[in-house]
Amino acid sequence: MKVFTTGQVAKICKVAPRTVSKWFDSGRLKGYRIPGSQDRRIPREYLIKFLKEHGMPLGELEDETTAKVLIVSQDQVLIENLKRELPPEKSFKFATAASGFEAGLQAESFHPDCIVVDFSIGRTEALQICQNLRRNSEFAEVILIALLPDDGSMLSFDRSAINETFKKPFDVALLAERLRTLIGARKELV
660 MKVFTTGQVA
670 KICKVAPRTV
680 SKWFDSGRLK
690 GYRIPGSQDR
700 RIPREYLIKF
710 LKEHGMPLGE
720 LEDETTAKVL
730 IVSQDQVLIE
740 NLKRELPPEK
750 SFKFATAASG
760 FEAGLQAESF
770 HPDCIVVDFS
780 IGRTEALQIC
790 QNLRRNSEFA
800 EVILIALLPD
810 DGSMLSFDRS
820 AINETFKKPF
830 DVALLAERLR
840 TLIGARKELV
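Per the working numbering: the sequence shown = residues 660 to 849.
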């Protein structure tokens with residue numbers, strides 16, 4: 660469990676260390692004192708909870724506590740349902756793309772933890788997105804999920820680049836839970 664000093668918390672919050680001490684002493688910011696000294700320590704989870712409750716930016720903690728998901732799809736209903744299942748207050752941020760070109764731009768600027776590729780944008784384009792991502796070492800650790808159409812055709816392709824596949828129609832809540840599990844194994848989502 661990671662803990663912070665009042666000085667470290669002050670830097671994260673961009674306030675004076677004395678302000679952090681006042682938050683601690685008033686009981687608004689939870690933590691503990693080191694036995695035999697007056698030094699305070701604030702566990703990471705309490706700090707994140709405090710920042711969220713008070714609408715303060717997470718700063719440097721955001722990357723390790725927020726799951727970023729890029730959805731490559733033209734299906735607005737799917738996108739809205741997934742956003743509803745994984746709201747921002749549950750540590751999720753989304754970016755969307757409707758084409759391979761947009762997906763590349765978003766992946767470079769958004770730095771997602773997971774990319775959901777809807778094959779209904781076109782089988783060739785979807786496969787190209789997956790292959791391009793896996794060729795780029797910057798995205799080697801990104802979780803890749805393919806949403807396959809249920810159009811009766813058998814899709815035969817190398818699935819080794821893809822972490823998970825879902826065949827349409829599927830329960831969006833099930834996809835959301837799988838995202839929580841896969842990303843949660845790598846990050847400490849709060």
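Glycine included, C-beta positions come from ideal geometry on N, C-alpha and C. Small disclaimer: the values here were computed from a predicted structure and weren't measured.
Exposed or buried, what is residue i when buried is set at 16 or more other beta-carbons lying within 10 Å of its beta-carbon?
i      : result
Ile693 : exposed
Asp772 : buried
Phe778 : buried
Gly843 : exposed
In the DSSP assignment, what are the bridge partners of residue i?
i      : result
Phe663 : Ile701
Ala754 : Leu729
Ala805 : Val776, Thr824
Arg692 : Arg699
List the endpoints of the continuous alpha helix (DSSP H) containing residue i.
i      : result
Ser768 : 759–769
Phe683 : 676–684
Gly843 : 831–843
Ile737 : The question names Ile, but residue 737 in the sequence shown is Leu. First-last of the alpha helix (DSSP H) with Leu737: 735–744.
Whether or not the stretch 691–709 and the stretch 732–740 are in contact is what I'm after, with contact meaning three or more pairs of Cβ atoms, one per stretch, closer than 8 Å; do they touch?
Contact between the stretch 732–740 and the stretch 691–709 is absent, because fewer than three Cβ pairs lie under 8 Å.
Would you check if there are 3 or more beta carbon pairs closer than 8 Å linking the stretch 785–804 to the stretch 739–747?
No, the stretch 785–804 is not in contact with the stretch 739–747.
Check whether the stretch 747–760 touches the stretch 778–792, counting contact only when three or more Cβ pairs, one atom from each stretch, lie closer than 8 Å.
Output reads yes: the stretch 778–792 touches the stretch 747–760.
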